[in-house]
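If you want our numbering, it's the position in the sequence shown, counting the first as 1, plus 47.
All C-beta atoms in this analysis are idealised placements derived from N, C-alpha and C, irrespective of residue type, glycine included.
All figures in this text were calculated on a predicted structure; none of them were measured in a lab.
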Amino acid sequence: MFSEALESGDVPGQQSLRLSAAEELAARHFGLDLKKYPTAQVESLLAMLPAVVSHEDEATVSRVLSVCSVGETMFMRHPDQFRALAQIVADGSVGEPNRALSVWSAGCSTGEEAYSLAALLAGHPGGARVLGTDVSPRSIERAKTGRYRYWSLRGVDPSSTASWLHIDSVNAEVRSPIRNVVDFRVHNLMVDPFPHDVDVIFCRNVLLYFREDAAAEVIEKFYRSLRPSGILFIGYVDPAPSPNTPLLECHRGPVRYYRKPAAGTTISVPTARSVPPPPPGETLGANAVPLAPRLPSFLRPESPPKRVPLRRSEPPPNPPPEDPAVRERFNQRLAIARGLCAQGARDDALATLESLSTDHPLEIEPYVLSAMIADEGGLRDAALGAARRAYFLAPEAPITPFLLAMCLDQLGERQAAEVRYLEARRALESVEDPLAPLAHAEGMTAFQLRRTIDARIRGA
Numbered sequence: 048m049f050s051e052a053l054e055s056g057d058v059p060g061q062q063s064l065r066l067s068a069a070e071e072l073a074a075r076h077f078g079l080d081l082k083k084y085p086t087a088q089v090e091s092l093l094a095m096l097p098a099v100v101s102h103e104d105e106a107t108v109s110r111v112l113s114v115c116s117v118g119e120t121m122f123m124r125h126p127d128q129f130r131a132l133a134q135i136v137a138d139g140s141v142g143e144p145n146r147a148l149s150v151w152s153a154g155c156s157t158g159e160e161a162y163s164l165a166a167l168l169a170g171h172p173g174g175a176r177v178l179g180t181d182v183s184p185r186s187i188e189r190a191k192t193g194r195y196r197y198w199s200l201r202g203v204d205p206s207s208t209a210s211w212l213h214i215d216s217v218n219a220e221v222r223s224p225i226r227n228v229v230d231f232r233v234h235n236l237m238v239d240p241f242p243h244d245v246d247v248i249f250c251r252n253v254l255l256y257f258r259e260d261a262a263a264e265v266i267e268k269f270y271r272s273l274r275p276s277g278i279l280f281i282g283y284v285d286p287a288p289s290p291n292t293p294l295l296e297c298h299r300g301p302v303r304y305y306r307k308p309a310a311g312t313t314i315s316v317p318t319a320r321s322v323p324p325p326p327p328g329e330t331l332g333a334n335a336v337p338l339a340p341r342l343p344s345f346l347r348p349e350s351p352p353k354r355v356p357l358r359r360s361e362p363p364p365n366p367p368p369e370d371p372a373v374r375e376r377f378n379q380r381l382a383i384a385r386g387l388c389a390q391g392a393r394d395d396a397l398a399t400l401e402s403l404s405t406d407h408p409l410e411i412e413p414y415v416l417s418a419m420i421a422d423e424g425g426l427r428d429a430a431l432g433a434a435r436r437a438y439f440l441a442p443e444a445p446i447t448p449f450l451l452a453m454c455l456d457q458l459g460e461r462q463a464a465e466v467r468y469l470e471a472r473r474a475l476e477s478v479e480d481p482l483a484p485l486a487h488a489e490g491m492t493a494f495q496l497r498r499t500i501d502a503r504i505r506g507a
């Protein structure tokens, strides 16, 4: 923290110099722009750095990487992009029927995206090989294990993933046929060589933290990595390719992606991306009528549940801080905890959340996130304690009885767990919009939570 640094003898001028040195180090080694990170995250980084920041000190470089790596992920995250890829592959507009697809998950964090791609493309006639890369060695080591906690499946119907995920209670393990087609490597997008002849690149929610020139450089390298007609998916908030990079902007329904022109195709680079989007279901340059492929069960569109009237309830016991600056700082500290957890620094994440809950004892989120992280780490008593605290603060919130049920289930208290599962199920009946993210639920919707609860009850 800035205040803590100053109290320990750090004067403002020294702090400014250290910040400038940290910004230069992050940009030079990783292409990152510290100005795009929350203030609290940068403060946390500066508090960890020595008085003199050296670009050659491996420990310092490692600290910068640890704090700046966001790494928030899950299986089949943003399923509309996976559906679009499935349709593109099915209509034959990328790859060749009898050749294995070459797929790169760049910035794969702990591997959920890479395994999701392998599962999605398992039915391709030529098969698929998936390369998952990330700059964090700790994330790559975790990805190689293929073992995850149940929370990585949030939003995915567990019964639809049985062919490639073995789920036991709250644990999930990627089955061998999928693990065998995925390779993981530590890779720095700024300095390491890029693979060649790639059909599909997924690099989502990575480049938004890069300097503008660094992001443009990475996308240019992606272009060179792709085979002719290869495609690139980026995140919804990632910077678009530069007009000087001859990638064609394409659309598959509402999903945007980018295609390298086919061999022999000549395009005007300055206007390459000004071509109007094709009709939904078509790809630029495709003459055939798009097929209607059979999607994997975990990606098939489902009819949304009927909306039910909102039941008015009492105001929550923990109103958000009135001061916007306090709320912003609170959210930034939550983001730091999520990032630490994603990097495998579970103890640091839990310590951050403990400090946050001490400062804001009536806020639910630190307890909810603590329960999730502790449960993922097998810290059953800690998870149960945090879940109970969250439930005490907001018993009417669907996520709190669900978390309590998960913790009780893990401890073998099945009867008590089922009571809480049913309580969470009843709480969902008061949700007005089943497709909107639930309060305090880390992005999970009522529809997704209901499916997860039903799967847990059926598995009893």
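Rounded to the nearest angstrom, what separates residue i and residue j at their Cα positions?
| i | j | result |
| --- | --- | --- |
| residue 276 | residue 293 | 12 Å |
| residue 163 | residue 63 | 43 Å |
| residue 261 | residue 303 | 22 Å |
| residue 86 | residue 456 | 38 Å |
| residue 167 | residue 371 | 42 Å |
| residue 441 | residue 487 | 10 Å |
| residue 485 | residue 311 | 50 Å |
| residue 373 | residue 229 | 43 Å |
| residue 399 | residue 136 | 43 Å |
| residue 472 | residue 453 | 13 Å |
| residue 199 | residue 122 | 6 Å |
| residue 246 | residue 138 | 14 Å |
| residue 263 | residue 93 | 28 Å |
| residue 500 | residue 173 | 37 Å |
| residue 114 | residue 74 | 14 Å |
| residue 510 | residue 394 | Given that the chain is displayed from residue 48 to residue 507, the structure contains no residue 510 and the question cannot be resolved. |
| residue 210 | residue 437 | 35 Å |
| residue 405 | residue 460 | 29 Å |
| residue 180 | residue 156 | 8 Å |
| residue 424 | residue 145 | 42 Å |
| residue 378 | residue 388 | 15 Å |
| residue 232 | residue 433 | 35 Å |
| residue 249 | residue 120 | 13 Å |
| residue 392 | residue 111 | 14 Å |
| residue 409 | residue 159 | 33 Å |
| residue 466 | residue 266 | 51 Å |
From which residue to which residue does the alpha helix (DSSP H) around residue i run?
| i | result |
| --- | --- |
| residue 480 | Counting along the chain, residue 480 falls outside any alpha helix (DSSP H), and DSSP gives it neither H nor E. |
| residue 412 | 412-423 |
| residue 305 | Run containing residue 305: none in the alpha helix (DSSP H); it sits in the beta strand (DSSP E), 302-306. |
| residue 238 | Careful: residue 238 lies outside any alpha helix (DSSP H) and carries neither H nor E. |
| residue 93 | 86-95 |
| residue 394 | 393-406 |
| residue 428 | 427-440 |
| residue 112 | 105-115 |
| residue 501 | 493-505 |
Taking the alpha carbon of residue i as the reference point, which residue from the options has its own alpha carbon closest?
| i | options | result |
| --- | --- | --- |
| residue 414 | 471, 489, 456, 476 | 489 |
| residue 90 | 407, 105, 70, 104 | 70 |
| residue 195 | 422, 433, 447 | 422 |
| residue 116 | 159, 279, 386 | 386 |
| residue 234 | 187, 471, 255, 212 | 187 |
| residue 295 | 270, 283, 481, 190 | 270 |
| residue 475 | 446, 463, 466, 503 | 446 |
| residue 468 | 503, 481, 492, 438 | 503 |
| residue 418 | 396, 157, 192 | 396 |
| residue 154 | 237, 88, 175 | 237 |
| residue 82 | 66, 76, 95 | 66 |
| residue 254 | 279, 124, 285 | 285 |
| residue 176 | 141, 191, 214, 226 | 226 |
| residue 76 | 88, 105, 84, 305 | 105 |
| residue 78 | 96, 108, 95 | 108 |
| residue 492 | 290, 403, 203 | 203 |
| residue 142 | 298, 274, 280, 299 | 274 |
| residue 289 | 380, 268, 301 | 268 |
If you follow the beta strand (DSSP E) that residue i is in, where does it begin and where does it stop?
| i | result |
| --- | --- |
| residue 220 | 218-221 |
| residue 296 | 295-299 |
| residue 450 | Taken as a continuous stretch (DSSP letters only), residue 450 belongs to no beta strand (DSSP E), being part of the alpha helix (DSSP H) at 446-457. |
| residue 245 | 245-250 |
| residue 277 | 273-281 |
| residue 125 | From DSSP, residue 125 is part of no beta strand (DSSP E); its letter is neither H nor E. |
| residue 254 | Taken as a continuous stretch (DSSP letters only), residue 254 belongs to no beta strand (DSSP E), as it is neither H nor E. |
| residue 212 | 212-215 |
Is any heavy atom in the ligand FMN found nearer than 8 Å to the beta carbon of residue i?
| i | result |
| --- | --- |
| residue 499 | For the structure depicted, the ligand FMN is absent and the ligand set is empty, with no information on it obtainable. |
Task: Sequence ranges, alpha helix (DSSP H) only - wholly within the stretch 127-206, length at least 4 - done: Counting only runs of 4 or more, we get 159-167, 184-192.
Task: Meets three-Cβ-pair contact criterion under 8 Å: the stretch 229-243 and the stretch 144-164 - done: yes
Task: Stretch pair the stretch 207-226 + the stretch 124-140: three plus CB contacts closer than 8 Å - done: In short, these stretches do not touch, since the Cβ pair count stays below three.
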